[in-house]
Structures are given as structure tokens and as C-alpha cells.
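So for the sequence shown, the numbering used here puts the first residue at 3; every next one is plus one. Backbone N, C-alpha and C fix where the C-beta goes; we use that ideal spot for every residue, glycine too. Note that the coordinates shown come from a computational prediction; the quantities given were computed from them, not determined experimentally. Data block below; observations after.
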Amino acid sequence: MSGRRIEGAPPVVNGSLDGPSFDAFVADLETAVASLRQFRDATTGAEQDREDAP
């Protein structure tokens with residue numbers, strides 16, 4: 003889908019992703035993954051608690 007664009011949609015990336023911009027992007031992704039893992043662990047723990055309840 004490279005090079006294709008949806009009419010009226012803003013560009014996803016404005017400029018290049020190299021150097022400090024790329025490092026910042028990777029750090030944001032790592033933060034997002036950590037947050038998703040915490041959410042998964044919290045919801046999985048809640049499900050386990052409900053299953054163990056009488």
C-alpha cells in the first residue's frame with residue numbers, strides 16, 4: 003500500500019524517521035507495549051480472581 007493515499011486523510015508520517023526522530027518513535031512504541039502488557043496483566047488477573055471466587 004506504499005504510495006497510496008486516502009482522499010482527505012493527513013499523511014501518517016510527515017518527513018523522515020531517522021536519527022533522533024526514529025529513536026523517539028521507538029521509545030514511544032516501547033512505552034505503548036509496556037502499557038499494553040500492564041493492561042493485559044491487570045485484566046488477566048481480574049479474570050483469574052473471578053474464576054477463583056465462590
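Proximity of Phe27 and Leu38 at Cβ, strictly below 8 Å: For the purposes of this step, residue 27 is taken as residue 25 along the sequence shown, with counting starting at 1. For the purposes of this step, residue 38 is taken as residue 36 along the sequence shown, with counting starting at 1. With contacts defined as CB atoms closer than 8 Å, Phe27 and Leu38 fail to qualify as a contacting pair.
Secondary structure of Asp30, DSSP reduced to three states: Taking the sequence shown and counting its residues from 1, the one referred to as residue 30 is at position 28. Helix.
Leu19 (DSSP reduced to helix, strand or coil): One-based indexing of the sequence shown puts residue 19 at position 17. In the structure shown, Leu19 sits in coil (DSSP, three-state: anything other than H, G, I, E or B).
Span separating the alpha-carbon of Pro22 from that of Gly47: Here residue 22 is taken as the residue at index 20 of the sequence shown, counted from 1. Here residue 47 is taken as the residue at index 45 of the sequence shown, counted from 1. Between the C-alpha atoms of Pro22 and Gly47 there is a straight-line separation of about 37 Å.
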